[in-house]
Amino acid sequence: MELLLTDPLDMHLHLREGEMLRTVAPLSAKDFAAGVIMPNLQQPVDSLVRLLAYRDEVGKALSQYLFTPLMTLFFKNYSEKELLEARPHILGIKLYPAGITTQSESGVRDIRGAYKTFELLEELRIPLLVHGESNGFVMDREREFISVYQQVARDFPQLHLIMEHITTADAVRFLDSSDKVSATVTLHHLLITLDDVAGNMLEPDLFCKPIAKTPHDRETLRQAVFSGHPRLMFGSDSAPHPRHKKECCGCAAGIFSAPVALPLLAQMFEEQGCLDKLQGFVSDIAKQRYGLPEFGKTVRLSKENWKVPELYDTVRPFYAGQTLQWTATI
Ligand SMILES: [Zn+2]
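Position in the sequence shown counted from 1, then plus 6, gives you the working numbering.
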């Protein structure tokens, strides 16, 4: 069995910098036509100069593959002039509440203080991508943040607001209620729950932010995806860390799923009898929501066993060492 995907897109991707970038970028570039590149580097990407330099660095790391990095700026209160200059080069602006995840210490503390910039984004039709978690109890953070999404969606009705990596039934309910709002969901939140992370021996490779939730949450996400929800897109949130940052005291949050994303999605959609929905989930819905062009790439998924490597350089991938039923080639 074989499946041809047109322009698979990863709408939430961490490529890092330097050596790590050179290790992971070709793995995404092989399987995907484009990816939304997150700006939370050591020094956040918060100016056009930094963004263009980073885009160059990404471009050099892609190997021979056809792949478009869709760049994002780290949220701060930008002037209209800055946004106008950046607009042709960016897909959107990524907002992190302060201190919530990797390199988010300089994120937003007060949402009202960001209103001036939200107004400009709405006016200039620049999407706002949000890591939607409060500072509360870890299992409640996303649910608590939904009131912020509600407020922003109400006060800026024309703003394209994207709830990044949703993990809960509450988030799906809010997405259902507002046709202006879009969301991304990761591969791992469709597969694991908190039990897989901490129910037995602690699994550092499955520790991520937002943390995996309950079986009910996972089931609700899966139903939304498999039924072809019109505003729910694939974003891997693939976030590599070297092994010594995972298997240590103070394990870093992030799952490196980019190399296994398409094969595992095909496996999952096949099991559910909805392989016909995969093209929409990994490409068409995102193209429609963001108004993206055709990228002209075809990726072939064949039903052939593939053993996932134990390591890519220093990084252990999701499903390391396991045999998957599908293989992706170009
Ligand atoms: Zn992320």
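For each residue, glycine too, the CB sits at the ideal point set by N, CA and C.
Just so you know, these numbers come straight off a predicted model, no measurement behind them.
Sub-8 Å separation of residue i and residue j beta-carbons
i, j, result
"Gln156", "Phe180", "yes"
"Leu134", "His166", "yes"
"Lys219", "Met169", "no"
"Tyr71", "Lys122", "no"
"Glu148", "Thr174", "yes"
"Ala272", "Leu307", "yes"
"Ile96", "Thr74", "no"
"Lys283", "Met7", "no"
"Gly41", "Leu76", "yes"
Length of the line joining the Cα atoms of residue i and residue j
i, j, result
"Arg56", "Gly205", "42 Å"
"Leu54", "Tyr84", "11 Å"
"Val314", "Glu129", "45 Å"
"Ile132", "Ile99", "7 Å"
"Arg224", "Pro323", "21 Å"
"Val288", "Asp16", "7 Å"
"Val266", "Tyr325", "8 Å"
"Ala292", "Glu209", "32 Å"
"Ala230", "Val64", "33 Å"
"Leu281", "Met274", "9 Å"
"Glu150", "Gly142", "8 Å"
"Thr12", "Trp312", "21 Å"
"Lys252", "Ala264", "17 Å"
"Cys255", "Ala59", "34 Å"
"Val187", "Gln48", "30 Å"
"Arg22", "Phe240", "20 Å"
"Val154", "Thr192", "21 Å"
"Met207", "Asp182", "36 Å"
"Gln331", "Glu276", "10 Å"
"Gly5", "Gly24", "The structure shown does not extend to residue 5, since the chain is modelled only from 7 to 336, so the question has no answer here."
"Pro14", "Glu300", "11 Å"
"Phe232", "Thr226", "10 Å"
"Asp161", "Ile152", "14 Å"
"Thr3", "Leu268", "Nothing about residue 3 can be reported from this structure: the residues present for the chain run from 7 to 336 only."
Identity of the residue in the options nearest residue i by Cα
i, options, result
"Phe81", "Trp312, His247, Arg61, Pro45", "Pro45"
"Ala245", "Gly286, Lys215, Thr333, Ala230", "Lys215"
"Ala177", "His222, Asp201, Asp211", "His222"
"Arg249", "Met26, Glu63, Leu68, Gly297", "Met26"
"Leu270", "His235, Asp182, Ser242", "Ser242"
"Lys87", "Pro14, Arg28, Leu127", "Leu127"
"His18", "Leu330, Glu253, Gly260", "Gly260"
"Pro366", "Tyr318, Thr329, Leu330", "The displayed coordinates of the chain run from 7 to 336. Any statement about residue 366 would go beyond what the structure contains."
"Pro103", "Thr74, Arg93, His137, Ser263", "His137"
"Gly302", "Ala39, Leu330, Phe162, His20", "Ala39"
"Gln285", "Asn311, Pro236, Glu316", "Pro236"
"Gly279", "Pro14, Thr78, Arg228, Ser188", "Arg228"
"Ile217", "Ser184, His195, Asp185", "His195"
"Glu316", "Asp211, Pro94, Ala334", "Asp211"
"Thr320", "His247, Leu330, Ser263", "His247"
"Leu9", "Val305, Leu330, Gln328", "Val305"
"Ser184", "Gln164, Asp52, Leu193", "Gln164"
"Phe351", "Cys257, Lys283, Gln49, Thr74", "The first residue shown for the chain is 7 and the last is 336, placing residue 351 beyond what the model contains."
"Thr335", "Ser34, Arg28, His20", "Ser34"
"Leu101", "Gly24, Ile117, Arg93", "Ile117"
"Leu89", "Asp52, Lys66, Asp62, Arg61", "Asp52"
Residue span of the beta strand (DSSP E) that contains residue i, given as start and end
i, result
"Thr78", "74-80"
"Asp16", "15-19"
"Lys100", "98-101"
"Ser153", "Where Ser153 is concerned, there is no enclosing beta strand (DSSP E), although the alpha helix (DSSP H) it sits in stretches over 147-161."
"Ser188", "187-191"
"Phe240", "238-240"
"Arg131", "Note, Arg131: premise wrong, no beta strand (DSSP E); not H, not E."
Element boundaries [alpha helix (DSSP H), containing residue i]
i, result
"Thr29", "24-37"
"Ile291", "291-296"
"Leu54", "54-66"
"Arg224", "221-232"
"Leu197", "194-197"
"Val305", "No alpha helix (DSSP H) holds Val305; the beta strand (DSSP E) holding it covers 304-308."
"Ala204", "200-204"
Min CB distance residue i to chain C below 8 Å
i, result
"Ala59", "Chain labels in this structure do not include chain C; a single protein chain is all it has."
Counting Cβ pairs closer than 8 Å, one from the region 290-302 and one from the region 192-211, do we hit at least three?
-> Contact between the region 290-302 and the region 192-211 is absent, because fewer than three Cβ pairs lie under 8 Å.
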